[in-house]
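Line order of the protein sequences matches chains B and D.
Going left to right, the first sequence walks through residues 2 to 116 as my numbering numbers them.
Going left to right, the second sequence walks through residues 6 to 120 as my numbering numbers them.
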Amino acid sequence: AQKITQTQPGMFVQEKEAVTLDCTYDTSDQSYGLFWYKQPSSGEMIFLIYQGSYDEQNATEGRYSLNFQKARKSANLVISASQLGDSAMYFCAMGTNFGNEKLTFGTGTRLTIIP
Amino acid sequence: DTGVSQNPRHKITKRGQNVTFRCDPISEHNRLYWYRQTLGQGPEFLTYFQNEAQLEKSRLLSDRFSAERPKGSFSTLEIQRTEQGDSAMYLCASSDSTILKDGYTFGSGTRLTVV
Chain B
2 AQKITQTQPG MFVQEKEAVT LDCTYDTSDQ SYGLFWYKQP SSGEMIFLIY
52 QGSYDEQNAT EGRYSLNFQK ARKSANLVIS ASQLGDSAMY FCAMGTNFGN
102 EKLTFGTGTR LTIIP
Chain D
6 DTGVSQNPRH KITKRGQNVT FRCDPISEHN RLYWYRQTLG QGPEFLTYFQ
56 NEAQLEKSRL LSDRFSAERP KGSFSTLEIQ RTEQGDSAMY LCASSDSTIL
106 KDGYTFGSGT RLTVV
């Protein structure tokens, strides 16, 4: 069975600062994928970034980067230069077969950016 | 492409009634997923299709739940004899199983309230 743990229920960050959202995972599979999604108050889930278990380099997408530490089973999301529009729920998720099947989600972190 | 479309956006029903939700995925995507999200939680997997074949069903999908994807296009999720515990956001997502790093595209969800 797979498990995702997000230990930060809520975070407050000053605008323009960088923020790290924690995610640890547990799986016995060797081939898996890790994802981060953003969920604004409107409800839709917005895909941010993906990391495959055999990817040697950490994934980056614009202001988002994924700090992947395989031995520690952690996949933290780093948002650089935070903006007011980054205020939302953030979910970490993983899927077997590099994420080619169902996803298991964590409980999320509510990020609030302070002007 | 207009993304993943879900209808209705909101549904209020009396306990014991049947409800049906519809999801129209991105046309090029061969995979379609249903998730359920309750307040304060991450989405939980219900079922997924590859084209018209239903490949996996969660234990959460009791006998009262059924999903179809005729002709591998849109999908419907039906809940029979609704219970108050069925109140949740029902999310649909689609993906191209060959392009994992693009993630899943979620719809805006259908919020079900059972009174």
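Every residue gets a Cβ at the ideal spot worked out from N, C-alpha and C, and that includes glycine.
Everything numeric in this text was worked out from a predicted model, so none of it was measured.
Problem - Alpha carbon of K74(B) to alpha carbon of V120(D), nearest angstrom - result: Counted from its first residue, the first sequence places residue 74(B) at position 73. Counted from its first residue, the second sequence places residue 120(D) at position 115. K74(B) and V120(D) have their C-alpha atoms some 42 Å from each other.
Exercise for the section: Mind reading off the beta-carbon distance from L37(D) to F54(D)? Whole number of angstroms is fine, and I expect it under 8 Å. Expected result: The residue given as residue 37(D) occupies position 32 in the second sequence. The residue given as residue 54(D) occupies position 49 in the second sequence. The Cβ separation is near 5 Å, so the contact holds.
Exercise for the section: Kindly list, in the order they appear in chain D, the residues whose Cβ is closer than 8 Å to that of G44(B). Expected result: For the purposes of this step, residue 44(B) is taken as residue 43 along the first sequence, with counting starting at 1. Under the 8 Å cutoff, chain D gives M94, S113, G114, R116.
Exercise for the section: Kindly list the residues whose CB is nearer than 6 Å to the CB of L82(D), restricted to its own chain and excluding five residues on each side of it in sequence; keep chain order. Expected result: Taking the first residue of the second sequence as 1, we reach residue 82(D) at position 77. The residues are F26, W39, A72.
Problem - Nearest-angstrom Cβ-Cβ length linking S88(B) and T113(B), presumed shorter than 8 Å - result: Numbered from its first residue, the first sequence carries residue 88(B) at position 87. Numbered from its first residue, the first sequence carries residue 113(B) at position 112. Contact between S88(B) and T113(B) holds: their C-beta atoms lie close to 5 Å from each other, under 8 Å.
Handout entry: Which of helix, strand or coil DSSP assigns to K76(D)
Key = Reading the second sequence from its first residue, position 71 is the one you call residue 76(D). Helix at K76(D).
Handout entry: One or two residues paired with T25(D) in a DSSP bridge
Key = Here residue 25(D) refers to the residue found at position 20 when the second sequence is read from its first residue. Beta-bridge pairing by DSSP links T25(D) to E83(D).
Handout entry: Endpoints, beta strand (DSSP E) assigned at Q59(D)
Key = Here residue 59(D) refers to the residue found at position 54 when the second sequence is read from its first residue. Q59(D) -> beta strand (DSSP E) spans 58-62.
Problem - Closer than 8 Å to chain B by CB, E10(D) - result: On the second sequence, position 5 is the one that residue 10(D) refers to. For clarity, residue 10(D) is Ser in the given sequence; the question names Glu instead. The C-beta of S10(D) comes no closer than 8 Å to any C-beta of chain B.
Exercise for the section: Classify E62(B) as buried or exposed, calling it buried when 16 or more other Cβ atoms lie within 10 Å of its own Cβ. Expected result: For the purposes of this step, residue 62(B) is taken as the residue at position 61 of the first sequence. Answer is exposed; the Cβ neighbour count stays below 16.
Handout entry: Residues that Y51(B) contacts on chain C, provided the C-beta gap is smaller than 8 Å
Key = Looking for chain C here will not work: the only protein chains present are B and D.
Exercise for the section: Tell me, to the nearest whole angstrom, how far the beta carbon of V14(B) is from that of I115(B); I am working on the premise that it is less than 8 Å. Expected result: Your numbering for residue 14(B) matches position 13 in the first sequence. Your numbering for residue 115(B) matches position 114 in the first sequence. That pair is a contact at about 7 Å.
Handout entry: Spatial neighbours of N23(D) in its chain, beta-carbon cut-off 8 Å, leaving aside the 5 residues before and after
Key = As a position in the second sequence, residue 23(D) is number 18, starting the count at 1. Here the set comprises E83, I84, Q85, R86, T87.
Problem - Straight-line Cα distance separating G107(B) from G47(D) - result: Numbered from its first residue, the second sequence carries residue 47(D) at position 42. Numbered from its first residue, the first sequence carries residue 107(B) at position 106. Within the model, the alpha-carbon separation for G47(D) versus G107(B) is close to 6 Å.
Practice task
Kindly indicate which residue of Y51(B), Y55(B), A82(B), D30(B) has the alpha-carbon position closest to the one of L67(B).
Solution key: Translated into positions along the first sequence, residue 67(B) becomes position 66. Of Y51(B), Y55(B), A82(B), D30(B), the residue nearest in Cα terms is Y51(B).
Practice task
Answer with yes or no whether the minimum CB distance from P48(D) to chain B is below 8 Å.
Solution key: Within the second sequence, numbered from 1, the residue matching residue 48(D) stands at position 43. Closer than 8 Å: yes.
Handout entry: Element boundaries [beta strand (DSSP E), containing Q101(B)]
Key = Residue numbering aside, residue 101(B) sits at position 100 when the first sequence is read from its first letter. The amino acid occupying residue 101(B) in the given sequence is Asn; Gln does not appear at that position. Element bounds for N101(B): n/a, residue is neither H nor E.
Exercise for the section: Using 10 angstroms around the beta-carbon of Q70(B), count the other beta-carbons present and answer buried if the total reaches 16, otherwise exposed. Expected result: The residue given as residue 70(B) occupies position 69 in the first sequence. Classification of Q70(B): exposed, given that the 10 Å Cβ count is below 16.
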